[in-house]
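Numbering (our numbering), first residue to last: 236 to 713.
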């Protein structure tokens, strides 16, 4: 049961909503509904005695055009903004968007009608999903996706799955519903949680490679990381010590200095852990924030015009997370190169086992570098873009929407990189018959071994890579 009260929604709840096909258990706060109704009545009253953007005026560059606060004005706004294009938004993304928007509206500062909130809550609860398109936002409000969703609630646009009885649009409902980045936040949250899982899984993958390569434990020693105690770096080193059973003085490695893939892992993984932690903190604020412009304050009995629709926090946090994850992925590819090198493993080149000239896992390096290149493209900063729209009145954009899409692409590429390393590490450990009995990382080896083909003959590795991707979430929990 997910509590929806405008204050306590969690990133994990958003993931649950995205993954749930069909009815979703939600507990909508009665107190929050009453507060939202109070704000609706205040917004109606304010519109009779002062200028209120989007209610008594047009929007964007039409802000100085006086209009009658009416149902017709609201419907025109929704219809004109429901111009999304491109591919259909993925089902999980839409479900997450609807939950976030419902939670934001229940913060009680939008001035939206209780009927529209009720219809949205019913859609979330029953799993009804409107047709929403992917394109139509640049990080200053998800106008097109939310307008499409609002018109579905009114009965003017189609539902892909299920439906709710149509409700009328009240005066002021249109902008109140659209003034949010709920779609962008949904994709950003799903990507952030996936990146969190993948980086946690990467500890286990790196630990398996460490054992296969007889790594030097000094690189993870407590005194080393106490000397430069960045939070993520310290946490990574501690996790590696845990997985590798370094409670006592561990035996020396084969080399005085390991390649950077092992030796510098905490120093490179640390910034990624810190960046993802910061990203989750930002998103935890955003999914419970009131971003509506104007904001209706029942405490101060007034409306406030502002720029909470601008999502610079989200876009810069996403850019940082993708950049740091790319560096971690580079180390994974480097370790894969070490795993196919006889000098490091004592095994044949490419972990081959057939006649001379057998290729073994040679193709994994090509696959990993291909995926790494895609990740590199996804890591390019979205915040370097610029946009001037609406006749110059909106002269900056955060491009958090594009940053979130890039984060989704980064997840897909990074998991392929990790999967390639995992396939090679497990094969190397099998061929060496490494003793993992007393190490916690043995659980990761067993989980991966259970899904990876034990054959070392030259053969297609496509299914092995897919199986390795599928087990990463389990490795993250070890």
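Glycine is no exception: its CB is placed at the ideal position from the N, C-alpha and C atoms.
Buried versus exposed call for residue i [16 or more other C-beta atoms within 10 Å across all chains shown]
i: residue 739; result: What the structure shows of the chain is the stretch from 236 to 713, and residue 739 is not part of that stretch, so it cannot be assessed.
i: residue 622; result: exposed
i: residue 377; result: buried
i: residue 290; result: buried
i: residue 539; result: exposed
i: residue 294; result: buried
i: residue 506; result: buried
i: residue 321; result: exposed
i: residue 381; result: buried
i: residue 463; result: exposed
i: residue 299; result: exposed
i: residue 685; result: exposed
i: residue 619; result: exposed
i: residue 466; result: exposed
i: residue 489; result: exposed
i: residue 338; result: buried
i: residue 236; result: exposed
i: residue 578; result: exposed
i: residue 635; result: buried
i: residue 541; result: exposed
i: residue 319; result: buried
i: residue 491; result: exposed
i: residue 534; result: exposed
i: residue 423; result: buried
i: residue 301; result: exposed
i: residue 265; result: exposed
i: residue 407; result: buried
i: residue 285; result: exposed
i: residue 437; result: buried
According to DSSP, residues forming a beta bridge with residue i
i: residue 238; result: 262
i: residue 292; result: 301
i: residue 537; result: 532
i: residue 624; result: 629
i: residue 393; result: Per DSSP, none; premise fails for residue 393.
i: residue 370; result: 320
i: residue 490; result: Paired residues: none, contrary to the question.
i: residue 364; result: 396
Integer-rounded CB distance, given that residue j should sit under 8 angstroms from residue i
i: residue 349; j: residue 275; result: 6 angstroms
i: residue 655; j: residue 433; result: About 13 angstroms separates the two Cβ atoms, so there is no contact after all.
i: residue 480; j: residue 675; result: 6 angstroms
i: residue 239; j: residue 341; result: 6 angstroms
i: residue 600; j: residue 571; result: 6 angstroms
i: residue 687; j: residue 663; result: Not quite, the Cβ-Cβ distance comes to about 12 angstroms (not below 8 angstroms), so this is no contact.
i: residue 512; j: residue 421; result: The Cβ separation is near 20 angstroms, so there is no contact.
i: residue 430; j: residue 560; result: 6 angstroms
i: residue 252; j: residue 366; result: 18 angstroms between Cβ atoms; not a contact.
i: residue 607; j: residue 659; result: The pair is not a contact, with the Cβ atoms about 15 angstroms apart (cut-off 8 angstroms).
i: residue 383; j: residue 331; result: Wrong, their Cβ atoms sit about 15 angstroms apart, outside the cutoff.
i: residue 576; j: residue 549; result: The Cβ separation is near 41 angstroms, so there is no contact.
i: residue 564; j: residue 610; result: 5 angstroms
i: residue 679; j: residue 713; result: 5 angstroms
i: residue 562; j: residue 602; result: Going by Cβ atoms, the distance from residue 562 to residue 602 rounds to 20 angstroms, so no, they are not a contact pair.
i: residue 441; j: residue 413; result: The Cβ separation is near 45 angstroms, so there is no contact.
i: residue 270; j: residue 343; result: 3 angstroms
i: residue 425; j: residue 250; result: 6 angstroms
i: residue 657; j: residue 682; result: Between residue 682 and residue 657 the Cβ distance is about 10 angstroms, and since that is not below 8 angstroms, they are no contact.
i: residue 435; j: residue 632; result: Not quite, the Cβ-Cβ distance comes to about 33 angstroms (not below 8 angstroms), so this is no contact.
i: residue 312; j: residue 409; result: 4 angstroms
i: residue 447; j: residue 580; result: 6 angstroms
Cutoff 6 angstroms; reference residue i; Cβ partners in own chain excluding five residues on either side
i: residue 627; result: none
i: residue 704; result: 650, 654
i: residue 648; result: 606, 609, 610
i: residue 354; result: 388, 399, 402
Any C-beta of chain C under 7 angstroms from that of residue i
i: residue 596; result: Looking at the structure shown, chain C is missing, and only one protein chain is on hand.
8 angstroms CB neighbourhood of residue i in its chain, flanking five on each side removed
i: residue 519; result: 245, 246
i: residue 255; result: 330, 362
i: residue 543; result: 524, 525, 526, 527, 528, 530
i: residue 307; result: none
Close-in-space but distant-in-sequence residues of the same chain around residue i (CB under 7 angstroms, 5 per side omitted)
i: residue 469; result: 460
i: residue 449; result: 488, 489
i: residue 517; result: 548, 549, 552
**Study point:** At least 3 beta-carbon pairs within less than 8 angstroms: the stretch 357-365 vs the stretch 549-561
**Key:** Result no; under three Cβ-Cβ pairs closer than 8 angstroms.
Check your understanding: Does the stretch 663-675 come within contact of the stretch 400-407, defined as at least 3 CB pairs closer than 8 angstroms?
Key -> Cβ pair count under 8 angstroms is below three, so no.
Exercise for review: Evaluate contact between the stretch 446-456 and the stretch 487-506, counting only Cβ atoms and requiring at least three cross-stretch pairs below 8 angstroms.
Suggested key: At 8 angstroms Cβ cutoff, the stretches touch.
Exercise for review: Report yes or no: do three or more beta-carbon pairs, one from the stretch 680-700 and one from the stretch 594-608, lie closer than 8 angstroms?
Suggested key: Judged by Cβ distances under 8 angstroms, the stretch 680-700 makes contact with the stretch 594-608, as three or more pairs qualify.
Exercise for review: For the stretch 457-470 and the stretch 369-376, state whether three or more C-beta atom pairs, one from each stretch, are separated by less than 8 angstroms.
Suggested key: Too few Cβ pairs lie closer than 8 angstroms, so no.
Exercise for review: Answer yes if the stretch 263-281 comes into contact with the stretch 600-619, meaning at least three C-beta pairs across the two stretches below 8 angstroms, and no otherwise.
Suggested key: When Cβ pairs closer than 8 angstroms are counted between the two stretches, the stretch 600-619 is seen not to touch the stretch 263-281, the count staying below three.
Review point. Should the stretch 525-539 be called in touch with the stretch 406-423, which here means at least 3 C-beta pairs below 8 angstroms?
Key: These segments touch.
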